[in-house]
Amino acid sequence: MQKTHMTLGEFIIDNQKHFKYSSGELSRLLNSIRLAAKIVNHDVNKAGLVDILGEAGDTNIQGEDQQKLDVYANDVFKSALINREIVCGIASEEEDDFVTIEGKENSHTNKYVLLIDPLDGSSNIDVNVSVGTIFSIYRRVTPSGTPVQSEDFLQKGNEQVAAGYIIYGTSTMLVYTTGHGVNGFTLNPALGVFYLSHPNMEFPEDGAIYSINEGNYVHFPQGVKDYIKYCQEESENRPYTSRYIGSLVSDFHRNMIKGGIYMYPTSAKAPKGKLRLLYECNPIAFLAEQAKGKATDGYKRIMDIDPTELHQRVPIFCGSTKMVAKAESFMAKYPEDKDY
Ligand code: AHG
Ligand code: MN
Ligand code: MN
Numbered sequence: 004m005q006k007t008h009m010t011l012g013e014f015i016i017d018n019q020k021h022f023k024y025s026s027g028e029l030s031r032l033l034n035s036i037r038l039a040a041k042i043v044n045h046d047v048n049k050a051g052l053v054d055i056l057g058e059a060g061d062t063n064i065q066g067e068d069q070q071k072l073d074v075y076a077n078d079v080f081k082s083a084l085i086n087r088e089i090v091c092g093i094a095s096e097e098e099d100d101f102v103t104i105e106g107k108e109n110s111h112t113n114k115y116v117l118l119i120d121p122l123d124g125s126s127n128i129d130v131n132v133s134v135g136t137i138f139s140i141y142r143r144v145t146p147s148g149t150p151v152q153s154e155d156f157l158q159k160g161n162e163q164v165a166a167g168y169i170i171y172g173t174s175t176m177l178v179y180t181t182g183h184g185v186n187g188f189t190l191n192p193a194l195g196v197f198y199l200s201h202p203n204m205e206f207p208e209d210g211a212i213y214s215i216n217e218g219n220y221v222h223f224p225q226g227v228k229d230y231i232k233y234c235q236e237e238s239e240n241r242p243y244t245s246r247y248i249g250s251l252v253s254d255f256h257r258n259m260i261k262g263g264i265y266m267y268p269t270s271a272k273a274p275k276g277k278l279r280l281l282y283e284c285n286p287i288a289f290l291a292e293q294a295k296g297k298a299t300d301g302y303k304r305i306m307d308i309d310p311t312e313l314h315q316r317v318p319i320f321c322g323s324t325k326m327v328a329k330a331e332s333f334m335a336k337y338p339e340d341k342d343y
C-alpha cells in the first residue's frame, strides 16, 4: 500500500505551533514560495522545448551573463511575492539593489524581507543538469510602516527566520528550515503537491565525499591544497570520492544525504571567494547547522559574519562536521588571507 505523506501545506500550518505569537505571515510567505517553485519547476522541465535556453543577452551587477531562466525565475518569485503583498522587500542575485514592496495603500506593513538566488547553477541549465533556487528570510529591523532600508537586508545569518532551497533534479524537492530542523518535500508533478519525503534531514557526522572545483587548484590557498591532498591520501576510509556538480544546491543536497564537504575557497582568481554571503552562503549555513552540519569561511562561522554589501562574496566550507573541522585544521596552519 502506498504511504500517505503529509503535504507541505499541512506541514507549514502544523509548524506554526513553534512560533508562539504567530500571525500566520511566515506561513503565507512560505506558501508563496511553494507556488513560485512549482511554476519555475514547470518551466525548467520544458527547457529544451520552449525558447528559454541560453543567454538573456545581459549581465547582472556582478558582471555575470544572465541566462534566460535566471531572469525568468527572478520574475516568477518576485511577482508571486509582490502580488500577494507578503514581504516588504526583496533582494536578489539578479537585481542591482533591493526592491521595496509597498503593500496595500503604501503601508509597508509586512514584516519579512526575502533574499534569493532565483536560479543557482544556471550554467548547468543548457546541459540538463540539476539547478536550484536558494532563499533566506529575515524580520525587518527598521520600523514597520516605513520603506525598507539596506540594514533590513544586511543582517547576520544568525538572525534568519527561515531558509531553504528548491532542487530541480531527477525529482523536484523543496527543503527548508525555520530553526527547528530541516525537512524535505518532494513534488508529485501529476498532482502539483509537495509531500514530506525527507523528515528531519541530518548530515552524517563524517563522510567520504569532497566537492570543490579542482580545476582552480593552483590558485587555492595552501591550507586548501593541503586538505585536498589529505582527501586523496590512502588510509582507512581515504581516498575520498570527488563529486562536483557545479550547482551549490545539488552538491549540498547530495552531501547532506550521503555525508561530505563542499568548498568554494578564496583563490587567486576570486580573492573573496565566489559565492554570495546573503543569498547563497547564509541560507546554506543555516540549513547545514540545522542539519547538524557545519558551515565556516575556513576560520569562523558563516552566520557570524557582519555583512557590509548586498552582493558580498565569502569563501565557504560546509558539510559534515568532522570533515569541515578537519579542513579548518589545515587552514589554521596558515594566517587568514587579509584580502578577504
Ligand atoms: P549561480 O548560477 O547562482 O551564479 O551560482 C553558481 C555557483 C554555485 O552554484 C556553484 O557551486 C558555483 O557557482 C560553481 O562555480 P564554478 O563554476 O566556479 O566551480
Ligand atoms: Mn548561485
Ligand atoms: Mn543564480
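With the working numbering applied, the sequence shown corresponds to residues 4 to 343, in that order.
Note that CB positions come from ideal geometry on N, CA and C, so glycine has one too.
Nothing here was measured: the structure is a model prediction, and the numbers come from that model.
- Shortest Cα-Cα distance from Y265 to any of T299, D123, H111 involves T299.
- Between V196 and T10, the CB-CB gap stays under 9 Å.
- DSSP, reduced to helix, strand and coil, places R279 within a strand of the structure shown.
- When rounded, the separation of the alpha-carbon atoms in G184 and S26 is 21 Å.
- Within the stretch 104-186, the complete beta strand (DSSP E) segments at least 3 residues long are 115-123, 134-142, 165-171, 175-180, listed from N- to C-terminus.
- In the structure shown, I212 adopts extended strand secondary structure according to DSSP, grouped into three states.
- Inclusion of Y171 and N34 in the CB contact set at 9 Å is not warranted, their separation being larger than that value.
- If you look at H8, you'll find it isn't in any beta strand (DSSP E); DSSP assigns it neither H nor E.
- When secondary structure is reduced to three states using DSSP, Y24 falls in the coil class, being assigned neither helix nor strand.
- L52: not part of any alpha helix (DSSP H); DSSP gives it neither H nor E.
- Judged by DSSP secondary structure, M266 falls within the beta strand (DSSP E) whose first and last residues are 264-267.
- The three-state reading of DSSP puts K336 in coil, since its state is none of H, G, I, E or B.
- Between the stretch 97-115 and the stretch 123-136 there are fewer than three inter-stretch CB-CB distances shorter than 8 Å, so the stretches are not counted as touching.
- A Cβ-Cβ separation of about 6 Å places Y243 in contact with I212 under the 8 Å criterion.
- Checking the DSSP bridge columns, you'll see I319 partnered with Y267.
- Taking C-beta atoms as the reference points, D73 and S125 count as a pair closer than 9 Å.
- For the pair N186 and D229, the Cα-to-Cα distance works out to about 35 Å.
- Straight-line spacing of the CA atoms in G148 and Y168 works out to 30 Å.
- By the beta-carbon neighbour count (other beta carbons within 10 angstroms, threshold 16), P286 is buried.
- In terms of Cβ geometry, K41 and E58 do not form a close pair [threshold 9 Å].
- Boundaries of the alpha helix (DSSP H) harbouring E292: 285-293, taken from the DSSP string.
- Contact fails between the stretch 303-311 and the stretch 190-210, because fewer than three Cβ pairs, one in each stretch, are under 8 Å apart.
- At a Cβ-Cβ threshold of 9 Å, G296 and F206 count as neighbours.
- R279 and S30 have their C-alpha atoms spaced approximately 26 Å apart.
- In this structure, DSSP gives E331 a helical state, which the three-state scheme calls helix.
- Annotation: the stretch 72-99 contains the following complete segments of the beta strand (DSSP E) (minimum length 3 residues), in chain order: 92-95.
- Boundaries of the alpha helix (DSSP H) around K228: 225-235.
- Taking C-alpha positions only, V227 is separated from S332 by approximately 10 Å.
- Looking only at T103, E13, D123, the smallest Cα-Cα distance to E67 is reached by D123.
- Distance between E105 and K81, taken at the CA atoms: about 13 Å.
- Straight through space, the alpha carbons of N77 and D61 are spaced by roughly 14 Å.
- R37 counts as buried, since at least 16 other C-beta atoms from the protein chains shown sit within 10 angstroms of its C-beta.
- Those residues having their beta-carbon less than 6 Å away from any non-hydrogen atom of ligand 2 are, in chain order, D120, D123, L251, E283.
- Around the beta-carbon of I64, fewer than 16 other beta-carbon atoms lie within 10 Å, marking it exposed.
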